[in-house]
Amino acid sequence: MLVLTRKPGEGIIIGDNIIIKFIEMKSGGIRIGIDAPRETKIYRQEVYDRIRQENIEAAAGWDMTDLDTLSDKLADRTLKK
Amino acid sequence: MKTINTRFGEVEYDPSHVLDFPEGLIGLDQLKHFLVMPNKKEGPLFWIQSVDDPAFAFVVTDPTGFFFDYLVVPDENDRQKLGIDENGTCFVLAIVSIAPTKEITLNLSGPILYAPETNKGLQVILEDARYSTRTPLPTIEKK
Chain A
0 MLVLTRKPGE GIIIGDNIII KFIEMKSGGI RIGIDAPRET KIYRQEVYDR IRQENIEAAA
60 GWDMTDLDTL SDKLADRTLK K
Chain B
8 MKTINTRFGE VEYDPSHVLD FPEGLIGLDQ LKHFLVMPNK KEGPLFWIQS VDDPAFAFVV
68 TDPTGFFFDY LVVPDENDRQ KLGIDENGTC FVLAIVSIAP TKEITLNLSG PILYAPETNK
128 GLQVILEDAR YSTRTPLPTI EKK
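So the sequence lines, in the order shown, correspond to chains A and B.
Sequence positions in the first sequence follow this note's numbering and run 0 to 80.
Sequence positions in the second sequence follow this note's numbering and run 8 to 150.
Below is the structure:
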């Protein structure tokens, strides 16, 4: 991993069109600003990782009888039919 | 018609009915094609089965059946990926998980957008603290 030291107000440029600015240090956190094309997906890593993990776990652990039982339980509780 | 081997046994499908997820799922970007498997039981749950990797099948549901105010509006970028314009129909689906306690939870923080006109789907990330990847169903007050 490339490691750089930057001061508040300084930035880095990634590729041709992504700019990351380091704005300030504040109560143990670092505020950064990102300029990137609209189609660039930007997520907090822990949020992305959580969804990735949930996708993997959601695909496992099912057995068909669970689904039948749940379908019975849920059939009469959805708000709209 | 084509066939794949899944936990449902051998499934025959028409390739023109396959749901297309151009970006795959988040963290599972190899999963780009899904079949909708109707549930044997009546109810709001149904399976989507990956065509690319038969080991992957997800249970999904319409979250707005449980959460009245849950609304996910695709932005321009999402619509482009789904191949629809601002008047295009877009449904939201949530992936369902089952806890060891047999309680079910919905992934409201990573919902799936689905455009029926183009048969395309897209998983999006909502950075909204109200929604969790394991949101329990709202409790029903007994009258």
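Where a beta carbon is used, it is the ideal one built from N, C-alpha and C, also for glycine.
| Asked | Found |
| --- | --- |
| Integer-rounded CB distance, given that L35 (chain B) should sit under 8 Å from L89 (chain B) | So it is not a contact: roughly 19 Å between Cβ atoms. |
| Status (buried if at least 16 other CB within 10 Å, exposed otherwise) for G50 (chain B) | buried |
| F41 (chain B) - partner residues in DSSP beta bridges | B:L26 and B:S57 |
| Boundaries of the alpha helix (DSSP H) in which I41 (chain A) is found, first to last residue | Run containing I41 (chain A): none; DSSP gives neither H nor E here. |
| Cβ-Cβ distance between E56 (chain A) and S104 (chain B) below 8 Å | yes |
| 7 Å Cβ shell around R14 (chain B) - same chain, five flanking residues per side excluded | A64 |
| Where the alpha helix (DSSP H) through E83 (chain B) begins and ends | E83 to L89 |
| K39 (chain B): contacting residues in chain E (beta-carbon distance under 9 Å) | Judged by its chain identifiers, the structure shown contains no chain E, and its protein chains are A and B. |
| D82 (chain B) vs L120 (chain B) beta-carbon contact at 8 Å | no |
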